[in-house]
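Residue numbers (the working numbering), protein chains in the order written: chain A, 2 to 63; chain B, 10 to 229.
Every residue gets a Cβ at the ideal spot worked out from N, C-alpha and C, and that includes glycine.
Worksheet for the structure shown next.
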Amino acid sequence: MKIISILFFVLLQQVEMADSLRQNGKIYVVAGVFSIITLGILGYLFFLDRKIKKLEEEIKEK
Amino acid sequence: MNKYWWKFLASGLLLYTVWFGFSGEVPRQPILNETIRNVYFHVPMWFGMMALMISSLVYSIKYLQKGKIEDDIYAVEFANVAIVFGLLGFLTGSLWGNFTWGSPLPKDPKIIAVEVGLLIYAAYFVLRGSFEDEQKKARLSAVYNIFAFASFMPLVWILPRLTDSLHPGNGGNPAFGKYDMDNSMRMVFYPAVMAWILIGVWISTLKIRIRLMRNKVNEV
Numbered sequence: 002m003k004i005i006s007i008l009f010f011v012l013l014q015q016v017e018m019a020d021s022l023r024q025n026g027k028i029y030v031v032a033g034v035f036s037i038i039t040l041g042i043l044g045y046l047f048f049l050d051r052k053i054k055k056l057e058e059e060i061k062e063k
Numbered sequence: 010m011n012k013y014w015w016k017f018l019a020s021g022l023l024l025y026t027v028w029f030g031f032s033g034e035v036p037r038q039p040i041l042n043e044t045i046r047n048v049y050f051h052v053p054m055w056f057g058m059m060a061l062m063i064s065s066l067v068y069s070i071k072y073l074q075k076g077k078i079e080d081d082i083y084a085v086e087f088a089n090v091a092i093v094f095g096l097l098g099f100l101t102g103s104l105w106g107n108f109t110w111g112s113p114l115p116k117d118p119k120i121i122a123v124e125v126g127l128l129i130y131a132a133y134f135v136l137r138g139s140f141e142d143e144q145k146k147a148r149l150s151a152v153y154n155i156f157a158f159a160s161f162m163p164l165v166w167i168l169p170r171l172t173d174s175l176h177p178g179n180g181g182n183p184a185f186g187k188y189d190m191d192n193s194m195r196m197v198f199y200p201a202v203m204a205w206i207l208i209g210v211w212i213s214t215l216k217i218r219i220r221l222m223r224n225k226v227n228e229v
């Protein structure tokens, strides 16, 4: 009787797993993919911006 | 290329992609679930990379024909942005793969082929860095660029089809029909590819303009 009740308890309990990205039909994986692309392109734009700034300063000095 | 209309077109197509990419109807498939929407974001990165590589190749050939240093600048910057798109495709692919194929980097022929291909392109930049003389650098790297392109395309498009791959559209000779897409997805996918290609070209032209200006500044 005791074993059965323990089994019952285990079955009822939800197993805690790191599955937040698997919830809601994995839509957050899509959001993650889009964020990676956005971050990558934004980072690249900042890098370009710095290059242009350097060039502008050089032109000013001349 | 300094005209503005195609930049607005690119922005419009990208907005369309984001809106319908996240909210449009997609086929319900097990394991894939909503991640099938990544077809609008991950796959166009590769298409954008290919388009930029083709542009780079065209300008390399042009340089070899005429010997104008501007053509060399075009070729390098297109290749540069192509690699950025390739890396973004790689990163997004590993996130997607982690939650569908169960591993961020499974031993898949297409992934291995693309790793090799990106390394071939990396060697292009190493080669460029090892020359002082501008014309020599431009000529040799233009020749290497043609070689890199000619080895990249069969690596990614033909070799994975000879074996079997986790990527759809590989193994045997399926056409576009095997990408698990229905018609409503194609309505988003093709504009998405267009949008990302145009964004890539836009960034490249910015880089090219900087390089051309730098050349002018150095001449003065």
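Contact set for residue i: own chain, Cβ-Cβ below 7 Å, skip 5 residues either direction
i, result
"LEU175 (chain B)", "TRP110, PRO115, ASP117"
"TYR153 (chain B)", "TYR133, LEU136"
"TRP105 (chain B)", "THR44, ASN47, HIS51"
"LYS146 (chain B)", "ARG137, PHE140"
Pair within 8 Å by beta-carbon distance, residue i and residue j
i, j, result
"ASN47 (chain B)", "VAL34 (chain A)", "yes"
"LEU22 (chain B)", "MET203 (chain B)", "yes"
"ILE4 (chain A)", "THR101 (chain B)", "no"
"PHE161 (chain B)", "ILE129 (chain B)", "yes"
"PHE99 (chain B)", "LYS27 (chain A)", "no"
"LEU49 (chain A)", "LYS216 (chain B)", "yes"
"PRO169 (chain B)", "ASN179 (chain B)", "yes"
"VAL226 (chain B)", "ILE60 (chain A)", "yes"
"TRP211 (chain B)", "LYS12 (chain B)", "no"
"LYS52 (chain A)", "VAL229 (chain B)", "no"
"ALA19 (chain B)", "TYR72 (chain B)", "no"
"LEU22 (chain A)", "VAL30 (chain A)", "yes"
"ARG223 (chain B)", "LEU56 (chain A)", "yes"
Proximity test, Cβ basis, 8 Å: residue i and chain E
i, result
"ILE4 (chain A)", "Absence of chain E from the displayed structure is noted, the protein chains being A and B."
Close-in-space but distant-in-sequence residues of the same chain around residue i (CB under 6 Å, 5 per side omitted)
i, result
"ALA60 (chain B)", "ILE206"
"PRO36 (chain B)", "ASP191"
The ligand MG heavy atom lying under 7 Å from the CB of residue i
i, result
"VAL93 (chain B)", "Because no ligand of any kind appears in the structure shown, any question about the ligand MG cannot be addressed here."
Cβ-based neighbour list, residue i, same chain, cut-off 8 Å, excluding 5 preceding and 5 following
i, result
"PHE94 (chain B)", "MET54, TRP55, GLY57, MET58, LEU61, TRP205, GLY209"
"LEU221 (chain B)", "GLU79, ILE82"
"VAL197 (chain B)", "TYR25, THR26, PHE29, GLY30, GLY33, TYR49"
"TYR199 (chain B)", "none"
First and last residue of the uninterrupted alpha helix (DSSP H) at residue i
i, result
"GLU124 (chain B)", "118 to 138"
"MET58 (chain B)", "51 to 75"
"ASN89 (chain B)", "78 to 109"
"ILE38 (chain A)", "28 to 62"
"THR172 (chain B)", "Where THR172 (chain B) is concerned, there is no enclosing alpha helix (DSSP H), given that its DSSP letter is neither H nor E."
"LEU7 (chain B)", "Given that chain B is displayed from residue 10 to residue 229, the structure contains no residue 7 (chain B) and the question cannot be resolved."
"TRP166 (chain B)", "No alpha helix (DSSP H) contains TRP166 (chain B), which DSSP labels as neither H nor E."
"LYS145 (chain B)", "143 to 162"
"GLY30 (chain B)", "14 to 32"
Any C-beta of chain A under 8 Å from that of residue i
i, result
"LEU24 (chain B)", "no"
"THR44 (chain B)", "yes"
"THR101 (chain B)", "yes"
"PHE17 (chain B)", "no"
"TRP105 (chain B)", "yes"
"HIS51 (chain B)", "yes"
"PHE198 (chain B)", "no"
"LYS216 (chain B)", "yes"
"LEU97 (chain B)", "yes"
"ARG195 (chain B)", "no"
"VAL93 (chain B)", "yes"
"ILE219 (chain B)", "yes"
"ASN192 (chain B)", "no"
Minimum Cβ-Cβ distance from residue i to chain B less than 8 Å
i, result
"ARG1 (chain A)", "This structure leaves residue 1 (chain A) out entirely; chain A is present only between 2 and 63."
"PHE47 (chain A)", "no"
"LYS63 (chain A)", "yes"
"GLU58 (chain A)", "no"
"LYS54 (chain A)", "no"
"LEU43 (chain A)", "no"
**Message:** Between the region 122 to 129 of chain B and the region 75 to 86 of chain B, can you find at least three pairs of beta-carbon atoms closer than 8 Å?
**Reply:** Fewer than three beta-carbon pairs drawn from the region 75 to 86 of chain B and the region 122 to 129 of chain B are found closer than 8 Å, and the two stretches are therefore not classed as touching.
**Request:** Evaluate the contact criterion for the region 66 to 74 of chain B versus the region 138 to 158 of chain B: three or more CB pairs, one atom per stretch, below 8 Å.
**Result:** Yes: at least three Cβ pairs fall under 8 Å.
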